[in-house]
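Residue numbers (mature numbering (1 follows the signal peptide of the UniProt record, and there is no 0)): -28 to -1, 1 to 83.
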Amino acid sequence: QCQARLHKAIARHTVLVMAALAVCTVTAAALRERTDSQAPPPTTPDQPPPADPGLIPLTVPEVGRLLADALHHPPPPGHAIDWLTWRRRHQARARWHHQRTRLNREYALLT
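Next comes the structure, spelled out in structure tokens:
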């Protein structure tokens, strides 16, 4: 009898989590075009980095974090948005530098 009750609770929790992830996925997909402001990828290995790397699109975990922050407790004004903006800008900058590094490796292998 205990296993049956536990199974029902696990099944209910799994369904709710899957529904929440589906909502986050649909939201992230809908906002992908509006939140992607990355700088164009580098074209040469010695290209200097852009002054503003832009932001990567919102991801599913970030949408979930925004929803959790909005529903659970009142955060300090602008904290979640400022943190997400910083994180997305940092990821865009890291992506740009990784792409430039890959260009440098391919260039070194060809010559």
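Each residue gets a CB set at the ideal place from its N, CA and C atoms; glycine is no exception. Fair warning: this is a prediction, and the values are worked out from it, not measured in the lab.
For P17, the three-state secondary structure derived from DSSP is coil. Scanning A66, P33, H44, R61 for the CA closest to the CA of V(-3) turns up P33. Under the three-pair Cβ rule at 8 Å, the region 3 to 20 counts as touching the region 56 to 69.
Here the alpha carbons of K(-21) and P22 stand approximately 53 Å from one another. A2 and A(-18) have their C-alpha atoms roughly 29 Å apart. Counting of Cβ neighbours within 10 angstroms places L27 among the buried residues, the total reaching 16 or more.
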